[in-house]
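Q: Attaching a single structure in structure tokens format; questions to follow.
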Amino acid sequence: MTLEVSSDDARPGEAFDYWRNIAYYQFDADPPPGGADGFRARAKALVTPGGSLYIYQSSAVSGRRTARQIRADGGGGFTIGLVLSGRRWHQDETQVVTTAGPGQLFCYDAERVSRVKWTDHEGVHVALPRALVEAAVSGPLPPASRIIQTLNRSRLAPFLCSQLALLARQFDALSERERVVMFDVSVDLFLTILRAAFAADGDAAAMDLRTYYTTARRLIQERYADHGLTPENIAWALGCSRSTLYRAFRAHGTTVARCIREVRLQEAKRRIEEEADAPIATISAQCGFYDPAHFRRLFREHFDMNPSDVRDMVRTPARQSS
């Protein structure tokens, strides 16, 4: 289920109180520094049985989570998020202060005392059941500061940041089902990083093969034009062995090399269709193919037509319409 709310729905002068009542659960907000009249916020939420996604922009806000609040409401879940703009400060129960700016991760543990301060900001976060996150770390959750430090050391952290940012950016263009699918991918990636980082023996092989596959696919989509994109480089970026990467793709009925080739071919076909004046040889080189003859053969095998046939099909309707 998708929801959308805005402080604009409140009566004049009541925006902050309205927002505090509907949005600040498990968080006691301070009066806004700019005064209640100037406070503005809006948010979109995706609510699923396994957790929720929130995308928002807001005026500056600060607040706290106290032991009395935790006793009163019984604690709560765990949040992992990404700052899209602005800056966030978080002091956890160990008095360690963690700062996050644009493109950086943050977390919030509703079962621990803490203090939070935001400037005017935009953000996206995922709220998860506590038990799910505790299972990933095989025990009680460490302080938020340690979790963030651990996440930031992971080679997969940039993929999690990229995934959350992309989901926030493309949210409106996705169907409800697509939103849920991409939410699940984000959660899987986050939990995978936790499992690997907090495993007692530090064995990265404990990571879920499905998430390796999903993350590797994402990397290939981003770096298809890199002539040096190889299974070895992908495995290094993901922090796993080549054999683990091969098993992940084999479990999905394909291979790393085939996936790289198919992504490059699809991108080349799209560009041949859309860039009518660009030489096909230039497009193929920019999509990772060294040899034009080899590219033509692979293209014909995959699409059952030559690259020039695709270009002609695009140009013919254009000539007829003129």
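Quick note: the sequence shown, position 317, residue 612 per the numbering used here, numbers continuous. Just so you know, even glycine gets a beta-carbon here, dropped at the ideal spot from N, CA and C.
Residues bridged to residue 341 by DSSP?
A: 297 and 348
Q: Within the chosen definition, does the segment 527-538 reach the segment 456-472 through at least 3 CB pairs nearer than 8 Å?
A: no
Q: Would you check if the distance between the CB atom of residue 346 and the CB atom of residue 423 is smaller than 7 Å?
A: With respect to the 7 Å criterion, residue 346 and residue 423 are classified as neighbours on the basis of their beta carbons.
Q: Below 7 Å between beta carbons: does that hold for residue 426 and residue 490?
A: For residue 426 and residue 490, no; Cβs fall outside 7 Å.
Q: Please report the straight-line C-alpha distance between residue 521 and residue 554, rounded to a whole angstrom.
A: 14 Å
Q: Measure the C-alpha to C-alpha separation of residue 323 and residue 458 and round it to an integer number of angstroms.
A: 30 Å
Q: Residue 242 to residue 603, Cα distance in whole Å?
A: Given that the chain is displayed from residue 296 to residue 617, the structure contains no residue 242 and the question cannot be resolved.
Q: Could you give the DSSP three-state label for residue 549: helix, strand or coil?
A: coil
Q: Under 8 Å by Cβ, that's how I've got residue 376 and residue 418 pegged, so tell me the actual separation to the nearest angstrom.
A: 6 Å
Q: Counting along the chain, where does the beta strand (DSSP E) carrying residue 395 start and finish?
A: 392-395
Q: Select from 366, 429 and 349 the residue whose C-alpha is nearest the C-alpha of residue 421.
A: Just measuring C-alpha positions, the residue of 366, 429 and 349 sitting nearest residue 421 is 349.
Q: Of all the options 317, 388 and 342, which has the alpha carbon lying nearest to the alpha carbon of residue 297?
A: 342
Q: By Cβ distance below 6 Å, which residues in the same chain neighbour residue 439 in space, the five residues on each side in sequence not counted?
A: 387, 402 and 404
Q: Which same chain residues, not among the five before or five after residue 544, have their C-beta less than 7 Å away from its C-beta?
A: 508, 550, 551 and 554
Q: Is residue 390 near the ligand HEM, with its Cβ less than 6 Å from a heavy atom?
A: With respect to small molecules bound, the structure shown includes none, and the ligand HEM cannot be examined in it.
Q: How about residue 392 and residue 360: are their beta carbons less than 7 Å apart?
A: no
Q: Might you give, ordered along the chain, the residues of its own chain that have their beta carbon closer than 8 Å to the beta carbon of residue 601, omitting 5 neighbours on each side?
A: Residues 591, 594 and 595 of the same chain have their beta carbon placed closer than 8 Å to that of residue 601, with the five preceding and five following residues left out of the count.
Q: In the DSSP assignment, find the unbroken alpha helix (DSSP H) run with residue 404 in it and report its ends.
A: Where residue 404 is concerned, there is no enclosing alpha helix (DSSP H), although the beta strand (DSSP E) it sits in stretches over 400-404.
Q: What does DSSP give as the partner residues of residue 374 in its beta bridges?
A: 403 and 422
Q: Pull up the distance between the alpha-carbon of residue 412 and that of residue 354, whole angstroms please.
A: 11 Å
Q: With DSSP as the reference, identify every bridge partner of residue 665, one or two as the case may be.
A: As displayed, the chain neither begins before 296 nor continues past 617, which places residue 665 out of reach and without an answer.
Q: With a threshold of 16 other CB atoms inside 10 Å of the CB of residue 327, please say whether the residue is buried or exposed.
A: buried
Q: For residue 512, I'd like the list of residues in its chain whose CB is within less than 7 Å of its CB, leaving aside the five on either flank, ordered along the chain.
A: 554
Q: Could you tell me which residues DSSP pairs with residue 358 in its beta bridges?
A: 324 and 411
Q: Can you tell me which of the three DSSP states residue 306 falls into?
A: In the structure shown, residue 306 sits in coil (DSSP, three-state: anything other than H, G, I, E or B).
Q: Helix or strand or just coil, what does DSSP make of residue 543?
A: For residue 543, the secondary structure class from DSSP, reduced to helix, strand or coil, is helix.
Q: Return helix, strand or coil for residue 385, following the three-state DSSP convention.
A: Strand at residue 385.
Q: Between residue 495 and the rest of its own chain, which residues show a CB-CB distance below 8 Å, the 5 nearest in sequence each way excluded?
A: Confidence at residue 495 is low in this model, with a pLDDT of 46, below 50, so the placement of that residue is unreliable and no value is reported for it.
Q: Per DSSP, which residues does residue 336 bridge with? Please list them.
A: 353
Q: From what residue to what residue does the alpha helix (DSSP H) around residue 457 run?
A: 452-465
Q: One question on the structure: do residue 380 and residue 416 come within less than 7 Å of each other, judged by their Cβ atoms?
A: The answer is yes: Cβ separation under 7 Å.
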